[in-house]
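Accompanying notes for the structure given below.
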Amino acid sequence: MDLKTTRQGLPWRRTVTTRAAAFACALSLAGCSGVQSALDPAGGDALRIYWLTLIMTLGGTLIFLLVTGVLLYAIFAPPERRAWLGGRRTIVVGGLAFPIVVLSGLLPYGLIVMRDTDVPMPGALQVEVIGEQYWWRVKYPEEGGKSEFSTANELIVPVGSPVTVTVTSADVIHSFWIPNLGGKIDMIPGRINRLSFTAERPGIYRGVCAEFCGDQHARMAFDVVALERTAFEAWRAAQEKPAREPDLPFLSRGRALFRAAGCGSCHVVRGTEADGAFGPDLTHVGSRRTIGAGQFPNNIGTLAGWIANTQHIKPGVRMPSYGSFTGEELRSLAAYLESLK
Amino acid sequence: MSGRRTGQVLLMLAGLIAWAVQFTVIYGVTSTLCGREWADVTLLGVGIVHAVVALATLAALIVAALSFLGSWRIHGGLGETAAAPDRFISQAGILISGLSLVVILWQGIPAFILPACA
Ligand SMILES: [Cu+2]
Numbered sequence: 170m171d172l173k174t175t176r177q178g179l180p181w182r183r184t185v186t187t188r189a190a191a192f193a194c195a196l197s198l199a200g201c202s203g204v205q206s207a208l209d210p211a212g213g214d215a216l217r218i219y220w221l222t223l224i225m226t227l228g229g230t231l232i233f234l235l236v237t238g239v240l241l242y243a244i245f246a247p248p249e250r251r252a253w254l255g256g257r258r259t260i261v262v263g264g265l266a267f268p269i270v271v272l273s274g275l276l277p278y279g280l281i282v283m284r285d286t287d288v289p290m291p292g293a294l295q296v297e298v299i300g301e302q303y304w305w306r307v308k309y310p311e312e313g314g315k316s317e318f319s320t321a322n323e324l325i326v327p328v329g330s331p332v333t334v335t336v337t338s339a340d341v342i343h344s345f346w347i348p349n350l351g352g353k354i355d356m357i358p359g360r361i362n363r364l365s366f367t368a369e370r371p372g373i374y375r376g377v378c379a380e381f382c383g384d385q386h387a388r389m390a391f392d393v394v395a396l397e398r399t400a401f402e403a404w405r406a407a408q409e410k411p412a413r414e415p416d417l418p419f420l421s422r423g424r425a426l427f428r429a430a431g432c433g434s435c436h437v438v439r440g441t442e443a444d445g446a447f448g449p450d451l452t453h454v455g456s457r458r459t460i461g462a463g464q465f466p467n468n469i470g471t472l473a474g475w476i477a478n479t480q481h482i483k484p485g486v487r488m489p490s491y492g493s494f495t496g497e498e499l500r501s502l503a504a505y506l507e508s509l510k
Numbered sequence: 709m710s711g712r713r714t715g716q717v718l719l720m721l722a723g724l725i726a727w728a729v730q731f732t733v734i735y736g737v738t739s740t741l742c743g744r745e746w747a748d749v750t751l752l753g754v755g756i757v758h759a760v761v762a763l764a765t766l767a768a769l770i771v772a773a774l775s776f777l778g779s780w781r782i783h784g785g786l787g788e789t790a791a792a793p794d795r796f797i798s799q800a801g802i803l804i805s806g807l808s809l810v811v812i813l814w815q816g817i818p819a820f821i822l823p824a825c826a
């Protein structure tokens with residue numbers, strides 16, 4: 170799958186949306202399509218929110234221009250020409266009837282958007298996401314004979330079927346937001362919130378933390394991948410398995426270093442003695458698209474860079490830098506992690 | 709303020725007062741019922757929250773409508789020689805109760821669109 174798939178519009182209402190989006194983009198002069206854009210909706214909820222935004226923004230702008238125009242007219246037009254502005258009819262029509270009609274339309278519209286958005290669906294895929302400074306713990310609970318597993322900084326969902334994400338926080342308040350797929354939901358310590366949505370077109374999107382949560386708040390993102398059902402099931406089956414055994418001496422050396430350095434006191438690698446629950450589960454870290462909560466593409470080079478310079482890359486993050494590995498050690502450790510597909 | 713003036717002012721403000729009461733009842737009752745998980749109770753087949761909202765809205769609408777008609781009648785009955793305050797109060801009464809009718813309706817609309825404890 171490549172980024173192109175995310176650019177294809179929803180089959181429904183595609184032309185209207187595309188044209189409207191193009192217009193909005195022309196207005197804002199910003200790139201609007203892409204992996205993290207509320208202006209490029211990839212699901213029904215995001216589409217409803219998008220239309221609400223569009224209508225409110227364009228409507229508000231038009232009314233603002235109208236009122237400003239009338240105001241300027243009232244100030245600069247000669248008295249005999251502007252006299253009608255002070256008449257009873259103008260006040261009744263412009264000051265009473267117009268706002269009442271506009272608001273009487275917007276209120277039910279807003280309520281209907283509210284009613285139809287974030288609706289829990291029977292049979293939805295359940296996922297639990299816990300916000301932590303500064304990453305996302307993602308749990309797929311046991312379901313219909315499939316066992317539970319954890320991953321981090323990625324949410325993989327089947328396309329076209331409803332998902333309910335249950336969120337909370339392990340420390341401070343975070344907020345879970347996938348602009349292309351729906352609205353935001355706060356992650357509050359000691360409280361459980363839910364957000365339901367459906368990804369309607371396959372693709373790769375990005376979620377972000379939308380509530381300032383500390384120094385590295387801006388580096389707290391996650392990948393969202395909407396896969397076809399069969400690909401999703403294959404992913405899920407692979408994630409359920411314990412970590413791959415290293416099949417090369419180089420990789421075994423990496424695993425020994427992982428053990429010796431005590432990485433396992435914070436990280437789980439299922440199938441090994443590493444069972445620390447503090448940091449992200451690394452059982453299948455090699456299968457993720459990115460590392461460090463969306464900071465780098467995932468490869469041996471960035472993994473090695475992360476391990477050696479954690480505090481330089483994300484200062485204040487709750488993993489120490491391991492600057493004392495030799496180059497060769499770092500490469501084998503990174504290669505071991507990368508092999509954990 | 710004479711008794712007559714007090715009555716006039718009350719009539720003028722009746723719509724607003726009805727709105728305030730409706731507002732308090734709707735918010736208070738909805739959060740109490742939903743918070744205590746009594747929301748499933750039904751009244752004549754209608755969910756209790758929706759029933760309360762509908763009744764409070766209806767009652768407030770009736771009060772505001774009476775205030776509107778009353779102010780309208782008084783305004784229409786004023787002669788050429790009526791005192792300026794009488795004219796003003798009855799006119800303001802028409803406007804205030806008319807607007808109250810609109811906001812009371814708006815306030816009740818969510819009950820017809822949203823589920824009770826969403
Ligand atoms: Cu955060």
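Going line by line, the protein sequences match chains A and B.
Residue 170 is where the first sequence starts when you use this note's numbering, and the numbers rise one by one after that.
Residue 709 is where the second sequence starts when you use this note's numbering, and the numbers rise one by one after that.
C-beta: ideal position from N, C-alpha, C; glycine also.
Can you say whether residue 739 (chain B) is buried or exposed, counting buried as having 16 or more other CB atoms within 10 angstroms of its CB? Translated into the one-based positions of the second sequence, residue 739 (chain B) becomes position 31. It counts as exposed.
Pull the bridge partners of residue 309 (chain A) from the DSSP assignment, please. What you label residue 309 (chain A) is simply residue 140 of the first sequence in a count that begins at 1. A:318.
Give every residue of the same chain whose Cβ lies closer than 6 Å to the Cβ of residue 492 (chain A), excluding the five residues on either side of it in the sequence, and list them in chain order. Locating residue 492 (chain A) in the first sequence gives position 323, counting from the first residue. Closer than 6 Å at Cβ, skipping near neighbours: 477.
With a threshold of 7 Å, establish whether the CB of residue 389 (chain A) neighbours any heavy atom of ligand 1. Here residue 389 (chain A) refers to the residue found at position 220 when the first sequence is read from its first residue. At least one heavy atom of ligand 1 is nearer than 7 Å to the Cβ of residue 389 (chain A), so yes.
Report the CB separation of residue 372 (chain A) from residue 211 (chain A) in whole angstroms; it is logged as a contact under 8 Å. In the first sequence, counting from the first residue as 1, residue 372 (chain A) sits at position 203. In the first sequence, counting from the first residue as 1, residue 211 (chain A) sits at position 42. Indeed they touch by this definition, with Cβ atoms about 6 Å apart.
Using a Cβ cut-off of 8 Å (strictly closer), state whether residue 793 (chain B) contacts chain C. The structure shown has no chain C; the protein chains it does contain are A and B.
8 Å is my cut-off, CB to CB: does residue 727 (chain B) come that close to chain A? Here residue 727 (chain B) refers to the residue found at position 19 of the second sequence. So no, residue 727 (chain B) is outside the interface.
Reducing DSSP to helix, strand and coil, say where residue 299 (chain A) ends up. Taking the first sequence and counting its residues from 1, the one referred to as residue 299 (chain A) is at position 130. In the structure shown, residue 299 (chain A) sits in a strand (DSSP, three-state: E or B).
Going along chain A, which residues have a C-beta under 7 Å from residue 810 (chain B)? As a working mapping, residue 810 (chain B) is identified with position 102 in the second sequence. Per Cβ cutoff of 7 Å: 269.
Is the separation between the beta-carbon of residue 293 (chain A) and that of residue 327 (chain A) shorter than 8 Å? Here residue 293 (chain A) is taken as the residue at index 124 of the first sequence, counted from 1. Here residue 327 (chain A) is taken as the residue at index 158 of the first sequence, counted from 1. For residue 293 (chain A) and residue 327 (chain A), no; Cβs fall outside 8 Å.
The segment 378–396 of chain A touching the segment 413–428 of chain A, judged by at least three CB pairs closer than 8 Å: no
Of the listed residues B:727, B:793, B:778, nearest to residue 830 (chain B) (C-alpha basis): Look at the range of chain B in this structure, 709 to 826, and you will see that residue 830 (chain B) is not part of it.
Does the segment 758–777 of chain B come close enough to the segment 720–739 of chain B to have 3 or more Cβ pairs within less than 8 Å? yes
Using a Cβ-Cβ distance under 8 Å, would residue 780 (chain B) count as near chain A? Locating residue 780 (chain B) in the second sequence gives position 72, counting from the first residue. Not an interface residue.
For residue 280 (chain A), return the contacting residues in chain B, with the cut-off set at a CB-CB distance below 8 Å. Along the first sequence, one-based indexing puts residue 280 (chain A) at 111. In chain order: 817, 818, 821, 822.
Mark residue 258 (chain A) as exposed unless 16 or more other C-beta atoms lie within 10 angstroms of its C-beta, in which case mark it buried. Walking along the first sequence from the start, residue 258 (chain A) turns up at place 89. Label assigned to residue 258 (chain A): exposed.
Leaving out five residues on either side along the sequence, give the residues of the same chain with a beta carbon under 6 Å from the beta carbon of residue 199 (chain A). Counted from its first residue, the first sequence places residue 199 (chain A) at position 30. In this prediction, residue 199 (chain A) has a pLDDT of 48, which is less than 50 and means its spatial position is unreliable; nothing more can be read from the coordinates.
Helix, strand or coil, according to DSSP, for residue 779 (chain B) in the structure here? Within the second sequence, the letter at position 71 stands for residue 779 (chain B). Helix at residue 779 (chain B).
Helix, strand or coil, according to DSSP, for residue 401 (chain A) in the structure here? On the first sequence, residue 401 (chain A) is found 232 positions in, with the first residue counted as 1. Residue state, collapsed to three classes: helix.
Going by DSSP in three states, residue 489 (chain A) sits in which element: helix, strand or coil? The residue given as residue 489 (chain A) occupies position 320 in the first sequence. Coil, per DSSP.
Could you list which residues in chain B have their beta carbon closer than 7 Å to that of residue 284 (chain A), in chain order? To locate residue 284 (chain A), count along the first sequence from 1; it is residue 115. The answer, in chain order, is 821, 822.
Which word fits residue 250 (chain A), buried or exposed, when buried means at least 16 other C-beta atoms lie within 10 angstroms of its C-beta? The count along the first sequence starts at 1 and reaches residue 250 (chain A) at position 81. Exposed.
Examine the Cβ distances between the segment 490–508 of chain A and the segment 743–750 of chain B and report whether three or more of them are shorter than 8 Å. no
Would you decide whether residue 777 (chain B) is buried or exposed? Buried here means 16 or more other CB atoms lie within 10 Å of its CB. Walking along the second sequence from the start, residue 777 (chain B) turns up at place 69. Burial call: exposed.
Can you find the residues in the same chain that come closer than 7 Å, C-beta to C-beta, to residue 400 (chain A), ignoring five residues on each side of it along the sequence? What you label residue 400 (chain A) is simply residue 231 of the first sequence in a count that begins at 1. Contacts found: none.
Considering only the beta carbon of each residue, do residue 824 (chain B) and residue 771 (chain B) sit closer than 8 Å? As a first step, residue 824 (chain B) is located in the second sequence; it is residue number 116 there, counting from the start. As a first step, residue 771 (chain B) is located in the second sequence; it is residue number 63 there, counting from the start. For residue 824 (chain B) and residue 771 (chain B), no; Cβs fall outside 8 Å.
DSSP state of residue 769 (chain B), grouped into three classes? Here residue 769 (chain B) refers to the residue found at position 61 of the second sequence. Here residue 769 (chain B) sits in helix by DSSP.
Roughly how many angstroms separate the alpha carbons of residue 173 (chain A) and residue 397 (chain A), rounded to a whole number? Translated into positions along the first sequence, residue 173 (chain A) becomes position 4. Translated into positions along the first sequence, residue 397 (chain A) becomes position 228. For residue 173 (chain A), the predicted structure reports a pLDDT of 40, less than 50, and the residue's modelled location is therefore unreliable. A value from the coordinates is still provided. Approximately 15 Å, taken between the alpha carbons.
For residue 447 (chain A), the three-state DSSP class (helix, strand or coil): Here the question's residue 447 (chain A) lines up with position 278 in the first sequence. DSSP places residue 447 (chain A) in coil when its eight states are reduced to three.
Considering just the uninterrupted stretch of the alpha helix (DSSP H) at residue 375 (chain A), what are its terminal residues? As a first step, residue 375 (chain A) is located in the first sequence; it is residue number 206 there, counting from the start. First-last for residue 375 (chain A): 372–378, but that is the beta strand (DSSP E), not the alpha helix (DSSP H).
Is it buried or exposed for residue 481 (chain A), if we count other Cβ within 10 angstroms and need 16 for buried? Start at 1 with the first residue of the first sequence, and residue 481 (chain A) comes out as number 312. That one is exposed.
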